[in-house]
Amino acid sequence: MKFTIDETLKQNFYGKNFLQTIEKTNILDDYTIDIITKKPDPILTNKLAFVWIFNQNYKNEKGELQSIGTGPYKLEHWDKEGLGFDFGNKISPYVKDLKTNPFLDKRVRKAIYQGINMEKVVKEAFGGLADIQTQAVTKDIFGYNFEIQRYPYDPKAAKELLEEAGYPNGFTVNLDTSAYEAYFAKPIAESLNEIGIKIIPTQRGGKPDKPDPNDYDKWSNGDTSLFIGWIDSDTGDAIQGLLNYFHSPDNPVYDKRQYGMFNTGRYQNKELDEILDKANVTLNQKERLLLMQKALKILHDDVAFVPLCTAKVGYAVKPGIDFKPRPDSDIKAYEIKREVEYVPVEEKASLLKKIFTF
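Residues -9 to 348 (this note's numbering) are what the sequence shown spells out, left to right.
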């Protein structure tokens, strides 16, 4: 475990962002490790569950990565995704025929929010099998703010907002997606076309069978105007998604960041940063909850992004198996059980009496 933590931090491996608060590790005995952090980390144990353990033989004699663990698996690449607007450029690169960045105007962002028909997106992109969301995390995540409601779908209000912002005829812009979100683009484009914003769906980062890592890195470092992706909080705590996607980036290169690693649009909000920094080191869970809920409200009020939906996952379960799906979609063998018919003690006693009575 010590080698995994130290090597992950040293080599910038996947999982490094989960370990940023660790200062050093000490082995106490064969089964105990002492982890010393630079500052309090209220969800460190949650984060450690997402760090992949490996041994010192993960490289061969030539220094090349080799298989670790069970099965004939080969590591190809790691993907990470985000969602939002371009906040980092004065002239947005993929807005056609404009020498401005319309997304710096909250009225434009809100117009896009209210111009997307989410019922249409869910029906056409997911066959109806998705839940429309109100914020950056779902209700299963600690930190969820139950008071936040979606801005209503309202094309008329959206057009009025665009006109107020100085774009009465709308504009044309690329909508960047990875290969895995491309199916979102069509219904969103059709919705926004109705309010005067013409969308050009644009796939970034190559295709699944032919990835383009250079374009992916370029996109992740802010070469975008409008984009779609996933926001996740695997740890079950909102602070993960909030820090990764909405905290001001602390480095211009995304994979070298401690904060704002997936903040592709380079959103910055000083008040939000201060709240997240405090929530990230507060051990009192009630205080942390209020801080994260406040952070989510700030993002909503500022229309920092447009929450879309979460897909419903279907499972085929054999009769006689007790299986309850997890919010994180993980399938853990120890949580799957056979259904056992319950026989009350009285009935068992009665049955035994009949068997042994002649």
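The beta-carbon is built from N, C-alpha and C at its ideal position, and this holds for glycine as well.
For clarity, every value in this text was computed on a predicted model and none was experimentally measured.
> Where Asp205 and Val111 are concerned, what is the direct C-alpha to C-alpha distance, given to the nearest angstrom?
Replying inline: 27 Å
> Between Tyr141 and Gln104, which are expected to be in contact by the criterion C-beta below 8 Å, what is the C-beta distance as a whole number of angstroms?
Replying inline: 5 Å
>> So, under 8 Å CB-CB, Ala228 and Val127 are touching, yes? Tell me the CB distance rounded to an integer number of Å.
In response: 5 Å
> Just to confirm, are Leu216 and Ala285 a CB contact at a threshold of 8 Å?
Replying inline: no
>> Quick check: Asp292 and Lys80, are their CB atoms within less than 8 Å of each other?
In response: no
> Given Lys260, which residues of its chain have a CB within under 6 Å of its CB, disregarding the five upstream and five downstream residues?
Replying inline: none
>> Under DSSP, the alpha helix (DSSP H) around Pro191 begins and ends at which residues?
In response: Pro191 -> not in any alpha helix (DSSP H); beta strand (DSSP E) instead, spanning 187 to 193.
>> Would you call the segment 263 to 278 in contact with the segment 17 to 28, where contact means no fewer than 3 C-beta pairs closer than 8 Å?
In response: no
>> Along the chain, where does the beta strand (DSSP E) containing Asp240 start, and where does it finish?
In response: Taken as a continuous stretch (DSSP letters only), Asp240 belongs to no beta strand (DSSP E), as it is neither H nor E.
>> Tell me which residue opens and which closes the beta strand (DSSP E) that Leu165 is part of.
In response: 161 to 167
> How would you write the range of the alpha helix (DSSP H) that Ala172 sits in, first residue to last?
Replying inline: 172 to 183
> Would you call the segment 138 to 153 and the segment 181 to 192 touching, i.e. three or more CB-CB distances under 8 Å?
Replying inline: yes
>> Let me check understanding here. Comparing Cα to Cα, which of Gly78, Leu(-1), Pro32 lies closest to Phe236?
In response: Gly78
>> With the cut-off set at 8 Å, would you say Asn135 and Gln123 are in Cβ contact?
In response: no
> Glu153 lies in the beta strand (DSSP E); which residues open and close that run?
Replying inline: Looking at the DSSP string, Glu153 is not in any beta strand (DSSP E); the run it does join, the alpha helix (DSSP H), is 145 to 154.
> For the alpha helix (DSSP H) that contains Glu135, what are its first and last residues?
Replying inline: At residue 135 the sequence reads Asn, which differs from the Glu that was named. Taken as a continuous stretch (DSSP letters only), Asn135 belongs to no alpha helix (DSSP H), as it is neither H nor E.
> Using DSSP with H/G/I as helix, E/B as strand and the rest coil, what is Asn16?
Replying inline: strand
>> Using only the alpha-carbon positions, how far apart do Pro198 and Ala172 sit?
In response: 12 Å
>> Can you give me the C-alpha to C-alpha distance between Ile(-5) and Asp31, rounded to a whole angstrom?
In response: 16 Å
>> As an exercise, report each continuous beta strand (DSSP E) stretch of at least 3 residues that is fully enclosed by the segment 200 to 257, in chain order.
In response: none
> Which whole runs of the beta strand (DSSP E) in the segment 86 to 143 are 3 residues long or more, in chain order?
Replying inline: 120 to 122
> With DSSP run on the structure shown, which of helix, strand or coil describes Ile288?
Replying inline: helix
>> Taking 8 Å as the threshold (C-beta atoms), are Gly195 and Asp202 in contact?
In response: yes
> How is the alpha helix (DSSP H) around Ile26 delimited, first residue to last?
Replying inline: Looking at the DSSP string, Ile26 is not in any alpha helix (DSSP H); the run it does join, the beta strand (DSSP E), is 22 to 27.
>> Closer than 8 Å is the cut-off here; do at least three beta carbon pairs connect the segment 82 to 98 with the segment 154 to 161?
In response: yes
> In chain order, what residues of the same chain have a beta carbon less than 8 Å from the beta carbon of Thr167, not counting five sequence neighbours either side?
Replying inline: Phe174, Ala175, Pro191, Thr192, Gln193, Arg194, Phe217, Ile218, Gly219
> By DSSP, does Lys327 sit in helix, in strand, or in coil?
Replying inline: strand
> When DSSP labels each residue in this structure, what does Ile81 get in the three-state scheme?
Replying inline: coil
> Considering only residues of the same chain and omitting the five flanking positions on each side of Glu13, which have a CB-CB separation below 8 Å?
Replying inline: Ile26, Thr27, Lys28
>> DSSP three-state label for Lys197, please.
In response: strand
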